[in-house]
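Below is the structure:
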């Protein structure tokens, strides 16, 4: 199965949007695109090039120039499990963009209009033939005409606990209170940014997965696909 279908998944940080989207892409055999990974990659670039100062100040002029002049080379490659690898200047940064230093700065980077325009352009080019895409404004700004829109949410403490577990499984130290604070700060920044703030599209279906397994979510989606499009995930 390889339907030319655009599925837009929006929602709060750490709701499992990526895991959900990757599994959908794998089962349907279509491309998965992680918009957040592109914002994180731009953030990593800015950190590597000294464009984010110790107090969080961003050297916007230099970053904008680098993006406009093509100095930020980002590429993505699909993996057999449905997920994707992200490359910056030819180097695989898929793991590095998930580190806490990037997480602390990505929301501020993502509020910059020129960064959003850059990422949106990449997403449109990559997803025009059909894809599952997750982020925070996919259904409202990037693909407002998506065939199916889903808005994911979950309790902040549950989201923080999930992120702590992910980091510990990767062998990294994680402090729950620090992670929870980061989750709450990102929620506020995402919903209050001037350009394309996080919001639920009017025609989006809400999925609160606070107490749902991935398989529970697949069953939920399977029913929706069969009702709307006449096919399911299997």
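Residue numbers (the numbering used here): 11 to 244. Where a beta carbon is used, it is the ideal one built from N, C-alpha and C, also for glycine.
If you look at residue 123, you'll find it in the alpha helix (DSSP H) that goes 123-137.
Boundaries of the alpha helix (DSSP H) harbouring residue 232: 224-239, taken from the DSSP string. With a cutoff of 7 angstroms on beta-carbon distance, residue 44 and residue 148 are scored as not near each other. Taking every protein chain shown into account, the CB of residue 103 has 16 or more other CB atoms within 10 angstroms, so this residue is buried. The beta carbon of residue 228 sits closer than 7 angstroms to the beta carbons of 33 and 243 from its chain, once the five residues preceding and following it are set aside; these are given in chain order.
For residue 161, the enclosing beta strand (DSSP E) stretches over residues 158-163.
Bridge pairing for residue 88: 94 [DSSP].
For residue 74, the closest alpha carbon among the candidates 122, 111, 196 and 89 is that of 122.
The criterion of a C-beta distance shorter than 7 angstroms is not satisfied by residue 161 and residue 120. In this chain, the beta strand (DSSP E) harbouring residue 17 covers 16-21.
Using a 10 angstroms sphere on the CB of residue 196, the tally of other CB atoms reaches 16 or more, which defines it as buried.
Here residue 146 is buried, its C-beta having at least 16 other C-beta atoms within 10 Å. By a beta-carbon distance limit of 8 angstroms, residue 68 contacts residue 118. Their separation comes to about 6 angstroms.
The straight-line gap separating the alpha-carbon atoms of residue 63 and residue 232 is approximately 46 angstroms.
The closest CA to that of residue 155, considering only 171, 93 and 212, is found on 212.
Of all alpha-carbon atoms in 109, 125 and 128, the one lying nearest the alpha-carbon of residue 183 is that of 109. For residue 116, the uninterrupted alpha helix (DSSP H) segment begins and ends at 110-120. The count of Cβ pairs closer than 8 angstroms, one atom from the stretch 90-105 and one from the stretch 44-61, reaches three, so the stretches are in contact.
In the displayed model, residue 41 falls within a strand according to three-state DSSP. In the structure shown, residue 202 falls within a helical segment according to DSSP collapsed to helix, strand and coil. DSSP places residue 144 inside the beta strand (DSSP E), whose first and last residues are 141-144. Each of 84, 71 and 126 was checked against the Cα of residue 107, and the nearest Cα belongs to 84.
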